[in-house]
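Each remark here refers to the structure printed beneath this line.
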Amino acid sequence: IVIIKAQSITYKRNLKVLSPYKYAGYTQLIKTIDLESADDALFSNQKGGESGQLLISAVELCYWTLKSSPLNAEQLRRDGGLEVCFK
Numbered sequence: 267i268v269i270i271k272a273q274s275i276t277y278k279r280n281l282k283v284l285s286p287y288k289y290a291g292y293t294q295l296i297k298t299i300d301l302e303s304a305d306d307a308l309f310s311n312q313k314g315g316e317s318g319q320l321l322i323s324a325v326e327l328c329y330w331t332l333k334s335s336p337l338n339a340e341q342l343r344r345d346g347g348l349e350v351c352f353k
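Every position in the sequence shown, counted from 1, becomes a number in the numbering used here once 266 is added.
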């Protein structure tokens with residue numbers, strides 16, 4: 267979760283700087299979103315009310331990468347991520 271949150275912060279703070287680049291982690295991000303949405307307890311820590319935090323962080327990172335560059339939207343579509351996000 268920490269790495270995903272760090273990437274979200276990086277994209278949030280540096281949208282213009284990162285806009286010429288495509289995000290390279292969509293394959294893993296899509297798998298994470300797909301698995302988390304299929305089984306809430308798969309990656310989640312049920313103790314302390316943290317259930318679903320990985321899914322929330324992954325979707326947030328997806329949002330920031332898409333906001334940074336149109337190239338990312340095309341890459342996410344190619345990787346089948348739009349279908350996973352709309353489930």
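From the three backbone atoms N, C-alpha and C, an ideal C-beta is built for every residue, glycine too.
Counting C-beta atoms within 10 angstroms of its own C-beta, V350 has 16 or more neighbours from the protein chains shown and is therefore classed as buried. N338: member of the alpha helix (DSSP H) spanning 336-344, first to last residue. Looking at T331, E340, L348, the one whose alpha-carbon comes closest to that of S285 is T331. DSSP, reduced to helix, strand and coil, places Y292 within a helical segment of the structure shown. In the three-state reduction of the DSSP assignment, I275 falls in the helix class, which pools H, G and I.
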